[in-house]
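Residue numbers (our numbering): 955 to 1136. So the structure is just underneath, and the comments pick up after that.
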Amino acid sequence: MSNYDQVLIVFPLYVDGMPGQVKHFYELLSSLKEKLKDKPITFIIHSGFSDGIQSRVLEQHCNRFSKIMNLNNHGVIIIPGSEGFRLMPPVMTKKKRIAVSKLGAQYKVNEQYNKKTLKFLYGKEKSSKFGSVILSIMSMLGLTNTYWNSQLKKNKALDNCFDAPYKDNPTTITTEAYISNK
955 MSNYDQVLIV
965 FPLYVDGMPG
975 QVKHFYELLS
985 SLKEKLKDKP
995 ITFIIHSGFS
1005 DGIQSRVLEQ
1015 HCNRFSKIMN
1025 LNNHGVIIIP
1035 GSEGFRLMPP
1045 VMTKKKRIAV
1055 SKLGAQYKVN
1065 EQYNKKTLKF
1075 LYGKEKSSKF
1085 GSVILSIMSM
1095 LGLTNTYWNS
1105 QLKKNKALDN
1115 CFDAPYKDNP
1125 TTITTEAYIS
1135 NK
């Protein structure tokens, strides 16, 4: 990373806020603090959540991380609803794909990101009350987990979906994270 002009970190938002692998990656980067000083960095957080508010805490974390590492933060780009890109027909994602391509072109030439494009990708901060009611109804009907349940069935893991294999024997990374948060 120290050999490049700028840094781009892209990762998904999970329900626990940040994948453990990303946290571990950040911990590894701390040893490069002097080599990365003042290097431009952009973060992209993508998620399956339909509203952007879900990513706000992680956005704050990215901003804080860049300050701690003395990086030149070029922004945290939040792209909600992007998990579905791979599942939806290209016609349904065309505008978002074009917007992401525009960001890539701006990143490539180290240009400031277009605020309209960022706003379009971010969408709405919170779901409307009507949207929340529809989601609740879909959830009661079991329609919100259709994709995940199909993946569990496909991998013969549906019967094990509530297992907690690391509950009594946490990994080193989990243990360190738990201790450092006390």
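The beta-carbon is built from N, C-alpha and C at its ideal position, and this holds for glycine as well. Just so it is clear, the structure is predicted and the values come from calculations on it, not from any experiment.
Using only the alpha-carbon positions, how far apart do G1038 and F1003 sit?
The residue labelled residue 1038 in the question sits at position 84 within the sequence shown. The residue labelled residue 1003 in the question sits at position 49 within the sequence shown. Distance between the alpha carbons of G1038 and F1003: 10 Å.
By how many angstroms is the C-alpha of K1080 removed from the C-alpha of K1056?
Residue mapping note: residue 1056 aligns to position 102 of the sequence shown, counting from 1. Residue mapping note: residue 1080 aligns to position 126 of the sequence shown, counting from 1. Taking the straight line joining both Cα atoms gives about 25 Å.
Pick from Q1066, L1095, F997 and T1047 that is closest to L1012, judged by C-alpha positions:
Residue mapping note: residue 1012 aligns to position 58 of the sequence shown, counting from 1. With distances taken between Cα atoms, L1012 lies closest to F997.
Pick out the complete alpha helix (DSSP H) segments inside the stretch 956 to 1034, 4 residues or longer, and give them in chain order.
974 to 983, 987 to 990 and 1010 to 1022
Measuring straight from C-alpha to C-alpha, what distance separates V1030 and I995?
Mapped onto the sequence shown, residue 1030 falls at position 76. Mapped onto the sequence shown, residue 995 falls at position 41. Between V1030 and I995, the C-alpha separation is close to 9 Å.
Would you kindly work out how many angstroms separate the C-alpha atoms of N1114 and Q960, rounded to a whole number?
Here residue 1114 refers to the residue found at position 160 of the sequence shown. Here residue 960 refers to the residue found at position 6 of the sequence shown. Using only the alpha carbons, I get a separation of about 43 Å.
Cβ-Cβ separation, N1103 to L1112 (assumed contact under 8 Å), whole Å
On the sequence shown, residue 1112 is found 158 positions in, with the first residue counted as 1. On the sequence shown, residue 1103 is found 149 positions in, with the first residue counted as 1. L1112 to N1103, Cβ: 7 Å. Contact.
Do you know whose CA, among R1010, E981 and Y958, lies nearest P966's CA?
Residue 966 sits at position 12 when you count from the first residue of the sequence shown. Nearest C-alpha to P966: R1010.
Cα-Cα separation between I1032 and A1118, rounded to whole angstroms:
Here residue 1032 refers to the residue found at position 78 when the sequence shown is read from its first residue. Here residue 1118 refers to the residue found at position 164 when the sequence shown is read from its first residue. Approximately 30 Å between the Cα atoms of the pair.
How is the alpha helix (DSSP H) around N1103 delimited, first residue to last?
Along the sequence shown, read from residue 1 onward, the residue named residue 1103 stands at position 149. Counting along the chain, the alpha helix (DSSP H) containing N1103 begins and ends at T1100 to K1108.
Using the rule of at least 16 other Cβ atoms within 10 Å of the residue's Cβ for burial, across every protein chain shown, is V976 buried or exposed?
Position 22 of the sequence shown, counted from the start, is the residue given in the question as residue 976. Per the 10 Å Cβ criterion, buried.
I need the straight-line Cα distance from S956 to K1083, nearest angstrom please.
Looking up residue 956 in the sequence shown gives position 2. Looking up residue 1083 in the sequence shown gives position 129. Looking at the two C-alpha atoms, the distance is approximately 47 Å.
Ignore the nearest five residues each way along the sequence and tell me which others in N1024's own chain have a CB closer than 6 Å to its CB.
Stepping through the sequence shown from its first residue, residue 1024 is reached at position 70. Contacts found: K991.
Q1060 lies in the alpha helix (DSSP H); which residues open and close that run?
Start at 1 with the first residue of the sequence shown, and residue 1060 comes out as number 106. Element bounds for Q1060: P1044 to K1062.
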